[in-house]
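**Q** I am attaching a structure below and will ask some questions about it afterwards.
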Ligand SMILES: Cc1cc2nc3c(=O)[nH]c(=O)nc-3n(C[C@H](O)[C@H](O)[C@H](O)COP(=O)(O)O)c2cc1C
Ligand code: SF4
Ligand code: SF4
């Protein structure tokens, strides 16, 4: 972002009729009516572009260095908002329920254009305080994905060696709290099993995917983890619409964050954190019916 461009909307006084719609909607209260025209009075604008979206006369725009619409290569987006009258809820639910975590992929590589479209769509996700403070790192080849899987495998071998030693578990308490003890109790056995099965060359971590997208960002901030999860779910949904499969890989998130070696190799800054890792590729599986879910607790007060 160019710091000399003030982060505020530009209002065309000739097009503005003073209807006040943008003013009533602005979540930061930075717009007021002056001489029957909307004007910006403060600099706390969070660039949400609600004012732009609601103006019936197209009187509001932003410097393109600050904000732009998504640029898709593999399809043409529609720029008019879709509302209830034109959207069938059953259709939406059908589509979203048909997305499944895909753990079998064909060897077919992914085009960079496809990945770029997925990321363009990812950043249309909501983010806390509209921070949009996310970064995307793409490993777009089977070799690169496999190399990362090997590094993570080595990380877990080292971790299991530590966690398997009761003396080290006890000594780690002042430094790591109960993290190593909990890992030993909850995950070590399944990781051990995965490591054994992977000895034959099977990629149990990334499921043989031809590409991996890593979403990282600051440790601090409004809601960086949630933001990245929303962005990654957007990727999952568009991928599904493009006939691709995805799977969130939580094991990779934790291991990358805990391994300085892997973080350095991936160029994750010291003050940054990986928030989501997901595989992408052409599914080598066809689901015949949508997902079932467990029973859940719902209460009304
Ligand atoms: C935050 C998160 C982390 C996940 N981590 C993994 C993982 O490491 N490996 C894996 O195979 N699946 C992983 N999954 C996929 C879940 O197992 C999957 O979403 C769940 O079983 C429901 O199945 P569905 O996505 O097909 O509806 C993860 C999902 C989420 C949301
Ligand atoms: S972009 Fe959002 S915060 Fe900024 S003036 Fe418009 S509505 Fe208000
Ligand atoms: S919504 Fe548009 S026309 Fe109405 S006050 Fe705001 S800028 Fe002016």
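Numbering (our numbering), first residue to last: 12 to 312.
All C-beta atoms in this analysis are idealised placements derived from N, C-alpha and C, irrespective of residue type, glycine included.
Please go through the same chain and pick out, in chain order, the residues whose beta-carbon is closer than 6 angstroms to the beta-carbon of residue 289, but skip the five residues on each side of it.
**A** Within the same chain, residue 289 has close Cβ partners 224, 243, 257 and 259.
**Q** Determine the closest residue to residue 6 out of 283, 94 and 42, with distance taken between C-alpha atoms.
**A** Nothing about residue 6 can be read from this structure; the chain reaches only from 12 to 312.
**Q** With DSSP run on the structure shown, which of helix, strand or coil describes residue 33?
**A** Of the three classes helix, strand and coil, the one that applies to residue 33 here is helix, per DSSP.
**Q** Could you check what DSSP says for residue 13 in three-state terms: helix, strand or coil?
**A** Only weak support exists for where residue 13 lies, its pLDDT of 45 falling under 50; the value from the coordinates is given anyway. If DSSP states are grouped into helix, strand and coil, residue 13 belongs with coil.
**Q** My parser needs the beta strand (DSSP E) runs of 3 or more residues fully inside the region 104 to 186; what are they?
**A** Complete beta strand (DSSP E) runs here, min 3: 146 to 150.
**Q** Could you check where the beta strand (DSSP E) with residue 78 kicks off and where it finishes?
**A** It is not in any beta strand (DSSP E) - residue 78 carries neither H nor E in the DSSP assignment.
**Q** Residues in the same chain with beta-carbon distance under 7 angstroms from residue 301, minus the five sequence neighbours each way, listed in chain order, please.
**A** Correct list, in chain order: 108 and 109.
**Q** Determine the closest residue to residue 75 out of 271, 87 and 16, with distance taken between C-alpha atoms.
**A** Checking every option, the nearest Cα to that of residue 75 belongs to 16.
**Q** Report, in whole angstroms, the separation of the C-beta atoms of residue 71 and residue 131, which I expect to be a contact under 8 angstroms.
**A** 23 angstroms between Cβ atoms; not a contact.
**Q** Within 7 angstroms: the Cβ of residue 49 and any heavy atom of ligand 3?
**A** Yes, ligand 3 has a heavy atom inside 7 angstroms of this Cβ.
**Q** Please tell me whether residue 294 and residue 149 are closer than 8 angstroms, where the distance is taken between their beta carbons.
**A** No. Outside cutoff.
**Q** Who are residue 296's beta bridge partners in DSSP?
**A** Bridge partners of residue 296: none, in fact.
**Q** May I ask you to check if the CB of residue 60 is nearer than 7 angstroms to at least one heavy atom of ligand 2?
**A** Checking the Cβ of residue 60 against ligand 2 gives yes.
**Q** Would you kindly work out how many angstroms separate the C-alpha atoms of residue 235 and residue 138, rounded to a whole number?
**A** Looking at the two C-alpha atoms, the distance is approximately 8 angstroms.
**Q** Mind checking who residue 290 pairs with in its DSSP beta bridge?
**A** Partner(s): 223 and 258.
**Q** Please say whether residue 47 and residue 19 have beta carbons closer to each other than 8 angstroms?
**A** No, they are not a contact pair.
**Q** Would the beta-carbon of residue 289 be found less than 7 angstroms away from any heavy atom of ligand 2?
**A** No; taking the cut-off as 7 angstroms, the Cβ of residue 289 has no heavy atom of ligand 2 nearer than that.
**Q** Roughly how many angstroms lie between the CA atoms of residue 166 and residue 205, to the nearest whole one?
**A** Rounded to the nearest angstrom, the two C-alpha atoms are 13 angstroms apart.
**Q** Going straight from the alpha carbon of residue 13 to that of residue 73, what length do you get?
**A** Confidence is the limiting factor: at residue 13 the pLDDT is only 45, short of 50, which leaves the residue's position unreliable, though a coordinate-based value still follows. Approximately 13 angstroms, taken between the alpha carbons.
**Q** Count the other CB atoms, across all protein chains shown, that sit within 10 Å of the CB of residue 238; report buried if there are 16 or more and exposed otherwise.
**A** With 16 or more Cβ atoms within 10 Å of its Cβ, residue 238 is classed as buried.
**Q** Indicate, with yes or no, if ligand 3 has a heavy atom lying under 7 angstroms from the CB of residue 306.
**A** No, the beta carbon of residue 306 sits no closer than 7 angstroms to any heavy atom of ligand 3.
**Q** Anyone know if the C-beta pair for residue 253 and residue 119 falls short of 8 angstroms?
**A** Cβ atoms of residue 253 and residue 119: not closer than 8 angstroms.
**Q** Assign residue 102 to one of two classes, buried (16 or more other C-beta atoms within 10 Å of its C-beta) or exposed (fewer than that).
**A** Flag for residue 102 reads exposed.
**Q** Check whether the Cβ of residue 133 sits closer than 7 angstroms to any heavy atom of ligand 3, and report yes or no.
**A** No, the Cβ of residue 133 stays beyond 7 angstroms of every heavy atom of ligand 3.
**Q** Quick check: is any heavy atom of ligand 3 less than 7 angstroms from the C-beta of residue 169?
**A** No, the Cβ of residue 169 stays beyond 7 angstroms of every heavy atom of ligand 3.
**Q** Any idea which residues DSSP pairs residue 71 with across the strands?
**A** Residue 71 is bridged to 22.
**Q** How about residue 115 and residue 226: are their beta carbons less than 8 angstroms apart?
**A** No, these two residues do not count as a Cβ contact at 8 angstroms.
**Q** Please state if the CB of residue 214 and the CB of residue 157 are separated by a distance shorter than 8 angstroms.
**A** Against a cut-off of 8 angstroms, the Cβ pair of residue 214 and residue 157 comes out as a contact.
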